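Each remark here refers to the structure printed beneath this line.
Protein chains in written order, with the working numbering: chain A, 17 to 414; chain B, 21 to 374.
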């Protein structure tokens with residue numbers, strides 16, 4: 017065990033801190049992803065290597081060698097300064113890494129730079145009403161007609177479809193092939209004729225995702241990533257990126273500290289909530305779980321640096337991280353009693369209603385990106401080497 | 021930066037596991053608990069286990085708490101009936117922290133010839149009619165829940181949190197063995213009547229550090245025991261067939277195993293870190309030890325119950341013997357502070373108790 021980063025990295029940390037001290041006032045404070053302040057901040061971060069750090073310069077990134085510790089230091093210091101780490105979204109977090117791995121040179125040139133700069137916003141067309149956990153059974157079709165794909169079908173849970181410029185979309189191009197081998201990965205513009213978007217309001221009251229309908233949407237033939245029928249491979253590379261980004265234990269720690277503050281501030285019968293032994297015990301129980309997942313995270317980081325095995329430690333992060341956040345937010349609501357119900361413009365609402373909003377949002381994340389039950393299948397099959405459930409023969413259709 | 025085990029540490033644990041696979045197999049354990057023999061302890065002494073934390077200058081191996089936690093994990097995995105936590109960890113640590121000359125005793129511990137039990141339960145949670153007082157040289161009163169009971173010497177805390185060493189055959193000391201669910205760790209009470217004792221230290225910080233270390237070792241023991249129960253569950257589920265297929269192919273069973281793995285895997289890193297703070301991060305040591313103890317207690321209990329259920333009716337039988345691990349985990353949960361007590365201490369060290 018050696019938890020020091022060493023002098024080279026501590027001087028890098030000092031650089032990051034200096035940058036933040038100098039520039040943090042210019043960081044966006046909740047403005048949207050299209051706002052000038054957000055775009056300017058993104059540009060500044062790329063120029064200094066604090067986002068898009070390892071993406072080659074020729075594609076609009078900073079072009080540094082991958083260095084896990086430097087990336088970690090950047091994340092830690094931006095979190096300490098409560099400062100935006102730049103634009104996120106599925107284009108930057110999922111499509112860019114996939115194009116770097118699987119895209120043609122032309123696609124990299126065309127898409128990565130504008131996506132990183134925030135000029136090109138993406139949404140993801142994966143799930144369908146009939147294809148959720150069993151994503152590979154998706155039925156949205158694409159048929160080649162001359163130099164164009166003709167897309168028909170429906171997607172659901174398409175986050176940010178209403179503001180996106182482009183979509184990366186899984187479609188069935190080989191209807192006669194086995195289900196995993198008949199899928200292709202297409203890119204197309206959201207203002208293409210034949211696309212209809214209907215917002216889906218979620219339980220928090222927000223409408224960040226949508227149902228998206230395609231009727232004879234015509235897509236240029238070359239806007240495919242990978243070969244025909246290789247879409248499942250491309251999609252799985254992306255799912256890996258998505259799961260890595262969920263349940264970040266450092267964000268959980270910051271939220272835990274906010275929970276302590278809440279319990280120290282709120283009172284019942286003139287007594288601080290934290291002075292009630294039952295709430296305090298629940299708080300401490302949550303802290304033990306936060307601590308265990310932070311240690312697990314350091315183990316994973318170290319394993320990446322030292323080529324050690326931490327397969328199971330990685331596999332459990334999404335499951336445990338999202339369940340922990342849901343429980344953490346739920347404790348705040350319980351401790352506030354009736355005030356825990358306050359929402360929207362209720363003047364008694366605490367912390368802008370974030371405890372209820374996050375409590376519900378994390379229930380969404382327990383389900384999204386591979387449900388907790390799918391995670392348990394993965395852990396038992398790939399982590400513990402237990403057999404898959406036998407396939408059920410499809411009933412013949414009469 | 022390295023958050024993990026060194027090659028030497030992995031080798032240490034591997035060689036110990038190889039030894040224990042035979043010497044502390046379930047069949048051996050079943051024999052040993054009813055008929056204590058010294059073969060296992062002698063074997064461990066030959067491997068250097070009792071000398072682990074004792075400085076090389078005093079005839080020991082001079083390793084640290086991370087290595088001790090790895091040994092504790094292995095002993096828990098094998099439900100080994102040996103006096104580890106008091107003799108190998110808490111007593112040598114108390115002597116080292118007290119800064120007193122006890123080279124003869126340390127040498128005797130290192131060689132495996134002398135064992136030391138630990139009587140500190142009253143300084144964590146004192147029961148009515150229990151507690152030890154000192155008049156400076158002699159002890160009187162009663163100490164409950166003694167760890168490594170049946171030892172040659174005892175490390176005893178008085179009501180002022182001072183620490184003493186008492187010989188098992190000292191004048192006026194009555195030792196009474198008391199059965200617990202866990203037959204692999206003898207427990208009992210000590211009654212002192214003006215019993216002569218050697219004062220190690222008056223510094224209550226020494227007792228705190230000794231308890232921190234004891235708690236991390238109990239957590240590590242639970243980690244090993246729970247991992248073993250999970251491994252047995254997966255193996256059993258793959259072999260046991262019902263409805264013409266291995267029960268391991270049913271999601272109901274797979275998810276029980278996945279939940280055990282998901283709860284347990286982060287515990288490994290927590291135990292490593294807690295052991296590391298004992299050696300190297302003094303200002304985090306107590307908080308981390310409390311959380312390691314309490315969190316492993318909760319996770320251990322969950323795994324012990326779930327693993328037993330995966331085994332169905334067989335899990336309930338003495339024949340299969342899964343209950344040795346179940347009870348080991350239960351013992352670790354209650355000793356040196358049950359989870360609620362320890363979490364309250366975690367709150368206190370962070371100034372969260374008004």
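Quick reminder that beta carbons are idealized off the backbone N, C-alpha and C, glycines included.
These numbers were taken from a predicted model, which means no experiment stands behind them.
Contact belief for residue i with residue j at Cβ below 8 Å, rounded distance in angstroms
| i | j | result |
| --- | --- | --- |
| residue 382 of chain A | residue 342 of chain A | 6 Å |
| residue 150 of chain B | residue 164 of chain B | 5 Å |
| residue 188 of chain A | residue 214 of chain A | Not confirmed; about 22 Å, so no contact. |
| residue 305 of chain A | residue 372 of chain B | Not a contact, Cβ separation roughly 17 Å. |
| residue 172 of chain A | residue 144 of chain A | 6 Å |
| residue 152 of chain A | residue 201 of chain A | About 13 Å separates the two Cβ atoms, so there is no contact after all. |
| residue 218 of chain A | residue 380 of chain A | 6 Å |
| residue 351 of chain B | residue 202 of chain B | 4 Å |
Assigned secondary structure, residue i (DSSP; H/G/I helix, E/B strand, else coil)
| i | result |
| --- | --- |
| residue 123 of chain B | helix |
| residue 409 of chain A | coil |
| residue 347 of chain B | helix |
| residue 336 of chain B | coil |
| residue 38 of chain B | helix |
| residue 82 of chain A | coil |
| residue 318 of chain A | helix |
| residue 173 of chain A | coil |
| residue 240 of chain A | strand |
| residue 210 of chain B | strand |
| residue 395 of chain A | helix |
CB contact below 8 Å: residue i versus chain B
| i | result |
| --- | --- |
| residue 300 of chain A | yes |
| residue 329 of chain A | yes |
| residue 192 of chain A | no |
| residue 20 of chain A | yes |
| residue 259 of chain A | With a pLDDT of only 49 at residue 259 of chain A, under 50, the local geometry of the prediction cannot be trusted, and no value is derived from it. |
| residue 373 of chain A | no |
| residue 291 of chain A | yes |
| residue 90 of chain A | no |
| residue 274 of chain A | no |
| residue 324 of chain A | yes |
Where residue i meets chain A, residues with beta-carbon distance less than 8 Å
| i | result |
| --- | --- |
| residue 292 of chain B | 17, 311 and 315 |
| residue 279 of chain B | 392 |
| residue 360 of chain B | 297 |
9 Å Cβ cut-off: residues of chain A touching residue i
| i | result |
| --- | --- |
| residue 79 of chain B | In chain order: nothing, as chain A lies at least about 26 Å away. |
| residue 269 of chain B | 402, 403, 404, 405 and 406 |
Contact set for residue i: own chain, Cβ-Cβ below 7 Å, skip 5 residues either direction
| i | result |
| --- | --- |
| residue 280 of chain A | 288 and 290 |
| residue 326 of chain A | 315, 316 and 319 |
| residue 212 of chain B | 152, 159, 160, 161, 192 and 193 |
| residue 49 of chain A | 103, 105, 134 and 137 |
| residue 176 of chain A | 105, 137, 139 and 224 |
Contact with chain A by residue i, beta-carbon distance below 8 Å
| i | result |
| --- | --- |
| residue 366 of chain B | yes |
| residue 85 of chain B | no |
| residue 331 of chain B | no |
| residue 100 of chain B | no |
| residue 343 of chain B | no |
| residue 234 of chain B | no |
| residue 260 of chain B | no |
| residue 205 of chain B | no |
Own chain partners of residue i with C-beta closer than 8 Å, once the 5 adjacent residues on each side are dropped
| i | result |
| --- | --- |
| residue 115 of chain A | 123, 124, 127, 128 and 241 |
| residue 144 of chain B | 231, 356, 357 and 361 |
| residue 413 of chain A | Because the pLDDT at residue 413 of chain A is just 49, under 50, the model does not fix this residue reliably, and the value given afterwards should be weighed accordingly. Correct list: empty, nothing qualifies. |
| residue 283 of chain B | 319, 322 and 323 |
6 Å CB neighbourhood of residue i in its chain, flanking five on each side removed
| i | result |
| --- | --- |
| residue 232 of chain A | 166 and 210 |
| residue 335 of chain A | 388 and 391 |
| residue 115 of chain B | 122 |
Under 7 Å by beta carbon: chain A residues contacting residue i
| i | result |
| --- | --- |
| residue 254 of chain B | 400 and 402 |
| residue 265 of chain B | 406 |
| residue 311 of chain B | 303, 304 and 307 |
| residue 327 of chain B | Residues of chain A passing the Cβ test: none, with the nearest at roughly 13 Å. |
Per-residue contacts from residue i into chain B (C-beta, under 7 Å)
| i | result |
| --- | --- |
| residue 336 of chain A | 282 and 286 |
| residue 321 of chain A | 21 |
| residue 395 of chain A | 278, 281 and 282 |
Contacts that residue i makes with chain B (C-beta to C-beta distance below 8 Å)
| i | result |
| --- | --- |
| residue 85 of chain A | 21 |
| residue 318 of chain A | 21, 22, 23 and 24 |
| residue 223 of chain A | The contacting residues do not exist; residue 223 of chain A stays about 32 Å from chain B at best. |
| residue 332 of chain A | 281, 282, 285 and 286 |
Chain B residues whose Cβ lies nearer than 9 Å to that of residue i
| i | result |
| --- | --- |
| residue 288 of chain A | 374 |
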